[in-house]
Amino acid sequence: MLNQLRSAPERLHLALMLALTFSTGIVDAVGYLGLDKVFAGNMTGNVVILGMALAGADDLPWIGPLLALFAFMFGAVVGGRVLRPVAAGWTTRTTWLFAVVGLVQAALAVSLFVTDGAPPQPWEYLITFFLAASMGIQAATARHIAVKDVTTVVVTSTITGFAADSRLAGGTGQPWFRRLAAIVLIAAGAAIGALLLQVHIGWGVGAAALVTVLAALLGHAAAHARHAARLTRLGADSR
């Protein structure tokens with residue numbers, strides 16, 4: 001199975017981006033339920049919460065969502081700048097960026113276990129900042145890989161395409177598997193995140209970190225194998 005994915009990079013990239021979509025569901029469940037109604041990956045949710053909070057809605061936070069919004073943008077800027085000089089697709093820089101995301105999340109998970117849960121404010125905002133920044137890096141890197149309909153951090157456009165291109169809407173066909181998989185996986189990730197939160201908030205962040213690191217390693221191994229095979233073919237052709 002892995003060899004088949006290595007020989008078809010577009011399929012491997014789709015699989016890895018779907019895995020990261022699943023991890024986003026976990027992270028957003030942890031952020032919203034464990035970090036005072038903050039989305040670390042879905043910035044649309046934070047913007048809506050901020051709008052309602054500014055209108056005076058009761059019991060809605062604004063510091064956390066605002067911090068997450070700017071942290072996400074900061075992470076996206078970092079990812080965009082690092083990847084700007086290289087062509088789209090999986091490169092060593094892609095691997096390092098995904099690895100950074102996983103390592104940051106792993107460090108956050110360790111800190112949450114050390115503090116026996118989310119620390120009180122304002123220290124809780126540090127967790128929010130680094131979690132959202134890591135998701136910004138992930139989103140920018142996934143955008144660079146450019147798997148259609150799978151951004152890893154939001155599925156609103158995917159749901160729109162799934163419905164608008166359906167036969168019910170007069171469509172003749174669509175990439176339904178990837179769209180449906182992205183929708184189901186982000187929901188499944190949120191469910192897993194909520195369940196893990198009942199045990200300890202650190203387990204959810206740790207699970208997301210594990211998925212991200214594994215995705216980085218698999219993507220790097222496949223890209224390295226394709227590069228080595230390409231060099232072998234070039235060497236054979238030059239003889």
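If you use our numbering, the sequence shown closes out at 239, no skipped numbers anywhere.
No residue lacks a Cβ here, since even glycine has one placed at the ideal position from N, Cα and C.
(request) Select from Phe39, Val82 and Val147 the residue whose C-alpha is nearest the C-alpha of arginine 179. (result) Closest option to arginine 179, Cα to Cα, is Val147.
(message) Judging by CA-CA distance, which residue of Phe129, Ile127 and Val154 is the nearest neighbour of alanine 139?
(response) Checking every option, the nearest Cα to that of alanine 139 belongs to Val154.
(message) Please list the terminal residues of the continuous alpha helix (DSSP H) segment that includes leucine 54.
(response) Bounds of the alpha helix (DSSP H) holding leucine 54 are 43–54.
(request) Kindly indicate which three-state DSSP category leucine 5 falls into: helix, strand or coil? (result) Only weak support exists for where leucine 5 lies, its pLDDT of 48 falling under 50; the coordinates are left without a value.
(message) Using only CA atoms, which one of Pro175, Leu131 and Ser166 lies nearest to threonine 24?
(response) The closest CA to that of threonine 24, considering only Pro175, Leu131 and Ser166, is found on Leu131.
(request) Pull up the CB-CB distance for leucine 112 and isoleucine 201, whole angstroms please, since I reckon it's below 8 Å. (result) The C-beta distance from leucine 112 to isoleucine 201 rounds to 5 Å, short enough to fall under 8 Å.
(message) Cutting at 6 Å between CB atoms, please list the residues of its own chain near alanine 181, excluding the five before and the five after it.
(response) Closer than 6 Å at the Cβ level, and outside the excluded window around alanine 181, lie Leu18.
(message) Considering only their Cβ atoms, is the gap separating alanine 215 from alanine 106 smaller than 8 Å?
(response) No; because the gap between Cβ atoms is not below 8 Å, this pair is not in contact.
(request) Mind the definition here: the region 82–92 touches the region 189–198 only if three or more C-beta pairs lie below 8 Å; say whether that holds. (result) Inter-segment contact for the region 82–92 and the region 189–198 is absent: fewer than three beta-carbon pairs are separated by less than 8 Å.
(message) Could you tell me the alpha carbon to alpha carbon distance between proline 9 and alanine 222, rounded to whole angstroms?
(response) The C-alpha of alanine 222 is placed about 8 Å away from the C-alpha of proline 9.
(request) Compute the Euclidean distance between the alpha carbons of phenylalanine 39 and glycine 45, then round it to the nearest angstrom. (result) Distance between phenylalanine 39 and glycine 45, taken at the CA atoms: about 6 Å.
(message) Let me confirm a value: glutamine 4 is counted as buried when at least 16 other C-beta atoms fall within 10 Å, else exposed. Which label applies?
(response) Confidence in glutamine 4 is poor, its pLDDT being 49 and thus under 50, which makes the residue's placement unreliable; the coordinate value appears in the next sentence. With fewer than 16 other Cβ atoms within 10 Å, it is exposed.
(message) Classify leucine 126: buried if its beta carbon has 16 or more other beta carbons within 10 angstroms, exposed otherwise.
(response) Result: exposed.
(request) Compute the distance between the beta-carbons of leucine 67 and threonine 21, then report whether it is under 8 Å. (result) Here leucine 67 is not near threonine 21, since their CB atoms are 8 Å or more apart.
(message) Which residue marks the beginning of the alpha helix (DSSP H) containing glutamine 121, and which one marks its end?
(response) Neither: glutamine 121 is in no alpha helix (DSSP H) and is coded neither H nor E.
(request) Leaving out five residues on either side along the sequence, give the residues of the same chain with a beta carbon under 8 Å from the beta carbon of tryptophan 90. (result) So the qualifying residues of the chain are Pro9, His13, Ile145, Gly219, His220, Ala222 and Ala223.
(request) Label leucine 50 either buried or exposed according to how many other C-beta atoms from any shown protein chain fall within 10 Å of its C-beta, with 16 as the threshold for buried. (result) Within 10 angstroms of the beta-carbon of leucine 50 lie 16 or more other beta-carbons, which makes it buried.
(message) Quick check: what's the CA-CA separation for valine 100 versus alanine 88?
(response) If you draw a straight line from the Cα of valine 100 to the Cα of alanine 88, it is about 19 Å long.
(message) So, with DSSP's three-state summary, where would you put tryptophan 203?
(response) The answer is helix: DSSP assigns tryptophan 203 an H, G or I state.
(message) On the CB-based measure, 16 or more other CB atoms within 10 Å of its CB, does valine 150 come out buried or exposed?
(response) By the neighbour-count rule (16 or more Cβ atoms within 10 Å), valine 150 is buried.
(message) With a threshold of 6 Å on Cβ separation, who are the neighbours of alanine 15 within its own chain once the five nearest residues in sequence on each side are excluded?
(response) Same-chain partners within the cutoff: there are none.
(request) Just tell me which of Phe70, Leu103, Thr158 and Thr160 has its CA closest to the CA of alanine 133. (result) Alanine 133 has its Cα closest to that of Phe70, out of Phe70, Leu103, Thr158 and Thr160.
(request) Could you tell me whether the Cβ atoms of glycine 136 and alanine 53 are closer together than 8 Å? (result) Using a Cβ distance threshold of 8 Å, glycine 136 and alanine 53 do not count as a contacting pair.
(message) Taking a contact to mean a Cβ-Cβ separation below 8 Å, would you say glycine 206 touches alanine 118 in this structure?
(response) Contact: no.
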